[in-house]
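Q: From first to last, the protein sequence lines are chains R and H. Going letter by letter, the first sequence gives residues 1 to 231 in this note's numbering. Going letter by letter, the second sequence gives residues 232 to 462 in this note's numbering.
Protein chains: 2
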Amino acid sequence: MRHEDMAAIRALRLFSGVRESTFTQLVQRGFFHRFPPGVALIREGERPDFLHVVVNGLVEMYATSAGRETTLELVHPVRTFILAAVLGDLVHLQAARTLQPSRILMIPAEQVRAAVAADGAFMQAIVAELTRNYRDAVRNLKDQKLRTGTERLANWLLRQHRAQGDPARLEIGCEKRTLAARLGMTPENLSRAFAALRAHGVNVQGAWAEVTDLDALAGFARPDPLLDVED
Amino acid sequence: MRHEDMAAIRALRLFSGVRESTFTQLVQRGFFHRFPPGVALIREGERPDFLHVVVNGLVEMYATSAGRETTLELVHPVRTFILAAVLGDLVHLQAARTLQPSRILMIPAEQVRAAVAADGAFMQAIVAELTRNYRDAVRNLKDQKLRTGTERLANWLLRQHRAQGDPARLEIGCEKRTLAARLGMTPENLSRAFAALRAHGVNVQGAWAEVTDLDALAGFARPDPLLDVED
DNA sequence: TTCCTTAATTGACATTTATCAATTCGTGCG
DNA sequence: CGCACGAATTGATAAATGTCAATTAAGGAA
Chain R
1 MRHEDMAAIR ALRLFSGVRE STFTQLVQRG FFHRFPPGVA LIREGERPDF
51 LHVVVNGLVE MYATSAGRET TLELVHPVRT FILAAVLGDL VHLQAARTLQ
101 PSRILMIPAE QVRAAVAADG AFMQAIVAEL TRNYRDAVRN LKDQKLRTGT
151 ERLANWLLRQ HRAQGDPARL EIGCEKRTLA ARLGMTPENL SRAFAALRAH
201 GVNVQGAWAE VTDLDALAGF ARPDPLLDVE D
Chain H
232 MRHEDMAAIR ALRLFSGVRE STFTQLVQRG FFHRFPPGVA LIREGERPDF
282 LHVVVNGLVE MYATSAGRET TLELVHPVRT FILAAVLGDL VHLQAARTLQ
332 PSRILMIPAE QVRAAVAADG AFMQAIVAEL TRNYRDAVRN LKDQKLRTGT
382 ERLANWLLRQ HRAQGDPARL EIGCEKRTLA ARLGMTPENL SRAFAALRAH
432 GVNVQGAWAE VTDLDALAGF ARPDPLLDVE D
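Spelled out as structure tokens, the structure:
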């Protein structure tokens, strides 16, 4: 494994404060895997074999029911996913697939559970991480229930803009169809939402969006610190 | 405190396996409070003072943004709420108010955090509880994104029917306006959804709903074990 | 009981969102 | 380079949901 990958993984909140021996054991018992885009990593309803860490690429968490499908989250590097299922050995409520060529560290679930029992600091970090996951889910639920599709897009753009360091042009970072599913709308309606935001200082051009009038966009989006700012 | 209340609280997943001394200290440092209906217990954006346990009555968790409001959860006895915020000393993402006269045990947040540090079994129980909360939130998000309003109502009825022991008539348990907000729709649309379900074996009469044709209702609702069955 | 207040329902209409179809755009491959 | 394929956009229409207004139903207080 590359040294900078290791450092990035070590820097994860999930491992902050854990003993060096705990961390090295977890990583050494795990293994890296490369996947092309479109590979199913996790299926709904199955039990977890590995805790996953996206080191490179992009992973989509999605869910289906009665023939419909939606995207719940996009997992960028460096982040873990399916922690809750691994800890409780519970069936996956979400499926996962690669959207881009991705390198993923897979740590055997049994190792994670053993490490939790052995290292109190790791358990503390896990409590913090689960708290974060829970609160992100609540924020997503509020976003979905309290805002229209165009408002969700506007606020997503504001969050991205900020996360990317307030650039002149921000990168969308995934196909628009994926963004649409993530925001809980159809691709057609995402197009119309982008069109509607032209009147509020947003210009889309392919995979990039230019924010020409931040105040106008914020005026329309009405961002809410409890919804749009992480802890 | 009544003995049966104490027993019910002790039986909470959150306290399963914790040392007797941990439990008694938490409860003794806490205190009971009675509230009439409609009392604001928690405000969004504030920091947690107490971990709450609903021992009696009914509490609504709700959230607002940009002038809109929605219900995220109804907390029935005996259940805790705002655990995640208490553990991390994080601002509340949800507000809480009583819907019925309620008795609530309030445990100082500082006590909870101290107990976590002192009792490993308590921390384990907390990991399990946070996992559950997270997964419930994910289920709610899937419900919201993958189903129409009428389908959410149909599946809610199926879950209630089962939870109440498959009775001939099930109790709705709250005002319809509250149920509407919980299901992410307006009271008007809830009325229409109930009307639509008459064709699928459901008869509403005031605070009760009669399921005359379970198969028909299930055929319409298309319940999903990953969505409608708890772990 | 009767009155009064609020919840619930119903209807008419507006808005939002989804669906289907038809182009257009963009990118990668031959 | 041009072609081919999938993504994205646009238009037309339908379905779902929200809003406003009016009416009915239900529950609590005098």
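Just so it is clear, CB atoms sit at the ideal spot from N, CA and C, and this is done for glycine as well.
Tell me the DSSP secondary structure of Q25/R in three-state form.
A: Helix at Q25/R.
Q: If contact means a Cβ-Cβ distance below 7 Å, which residues of the segment 403 to 426 of chain H contact chain R?
A: Result list: G415.
Q: Please check the pair T178/R and E60/R, which I expect to be a contact at CB under 8 Å, by giving their CB distance rounded to whole angstroms.
A: Between E60/R and T178/R the Cβ distance is about 6 Å, and since that is below 8 Å, they are a contact.
Q: Can the beta-carbon of G57/R be found closer than 8 Å to that of P108/R?
A: For G57/R and P108/R, no; Cβs fall outside 8 Å.
Q: Please decide whether M123/R counts as near chain H, where near means a Cβ-Cβ distance under 8 Å.
A: Chain H contact via Cβ: present.
Q: List the residues of chain H whose Cβ lies closer than 9 Å to the Cβ of V91/R, in chain order.
A: Those within 9 Å of V91/R in chain H are P456, L457 and D462.
Q: Considering only the alpha carbon of each residue, which of M416/H, L272/H, V347/H and G269/H lies closest to V249/H?
A: That would be V347/H, whose Cα lies nearest to the Cα of V249/H.
Q: Can a CB atom of chain R be found closer than 8 Å to the CB of Q375/H?
A: So, interface residue.
Q: Mind checking if Q94/R is an interface residue toward chain H, Cβ cutoff 8 Å exclusive?
A: It does: the Cβ of Q94/R has a partner Cβ on chain H nearer than 8 Å.
Q: Which residues bound the alpha helix (DSSP H) around R366/H?
A: G351 to L377 is the extent of the alpha helix (DSSP H) around R366/H.
Q: Would you tell me roughly how many angstroms separate the C-alpha atoms of L272/H and R47/R, rounded to the nearest one?
A: Distance between the alpha carbons of L272/H and R47/R: 38 Å.
Q: Measuring straight from C-alpha to C-alpha, what distance separates G351/H and M337/H?
A: Rounded to whole angstroms, G351/H to M337/H spans 22 Å at the Cα level.
Q: Any beta carbon of chain R sitting closer than 8 Å to that of L384/H?
A: So, not an interface residue.
Q: Please work out which residues of its chain come closer than 6 Å, Cβ to Cβ, to N155/R, disregarding the five sequence neighbours upstream and downstream, and give them in chain order.
A: A221, P223 and D228, listed in sequence order.
Q: Does the beta carbon of I126/R sit closer than 8 Å to a beta carbon anywhere in chain H?
A: For I126/R, the answer is yes, since a Cβ of chain H falls inside 8 Å of its Cβ.
Q: Using DSSP bridges, identify the partner residues of H33/R.
A: DSSP lists I104/R as partners of H33/R.
Q: Under 6 Å Cβ to Cβ from M185/R, same chain only, skipping five residues before and after it: list those, please.
A: Closer than 6 Å at Cβ, skipping near neighbours: G149.
Q: If you count every other CB in all the chains shown that lies within 10 Å of the CB of F31/R, and 16 or more means buried, which is it?
A: Burial call: exposed.
Q: With a cut-off of 8 Å, does the C-beta of G319/H fall near any C-beta of chain R?
A: It does; some Cβ of chain R falls within 8 Å.
Q: Less than 8 Å separating the beta-carbons of N434/H and L141/R?
A: Not in contact: N434/H and L141/R (Cβ atoms no closer than 8 Å).
Q: Please classify S296/H: is it buried, with 16 or more other beta-carbons within 10 angstroms of its beta-carbon, or exposed?
A: That one is buried.
Q: List the residues of chain H whose Cβ lies closer than 8 Å to the Cβ of T235/R, in chain order.
A: As shown, chain R starts at 1 and ends at 231. That puts residue 235/R outside it, with no answer to give.
Q: How would you list, in chain order, the residues of chain R whose beta-carbon sits under 8 Å from the beta-carbon of T362/H?
A: In chain order: A84, L87, G88, L90 and L130.
Q: Please check if any C-beta of chain R sits within less than 8 Å of the C-beta of V284/H.
A: So no, V284/H is outside the interface.
Q: Distance check for R233/H and F194/R, CA to CA, integer angstroms please.
A: If I take the Cα positions, the gap works out to 59 Å.
Q: Could you check the C-alpha separation between L384/H and D397/H for me, to the nearest Å?
A: Their Cα atoms are separated by approximately 17 Å.
Q: If I measure Cβ to Cβ from G45/R and keep anything under 7 Å in the same chain, skipping five residues before and after, which residues do I get?
A: So the list reads V91 and H92, once near-sequence residues are dropped.
Q: Could you work out which residue in C174/R, R29/R, L157/R and V27/R is closest to D215/R when comparing CA atoms only?
A: When only C-alpha atoms are compared, the closest one is L157/R.
Q: Go to E60/R, then tell me how far its beta strand (DSSP E) extends in each direction, as first and last residue.
A: Start and end: V59 to S65.
Q: Can you name, in chain order, every residue of its own chain whose Cβ lies under 7 Å from the Cβ of F353/H, other than the five neighbours on each side?
A: The answer, listed in chain order, is V249, T253, A346 and V347.
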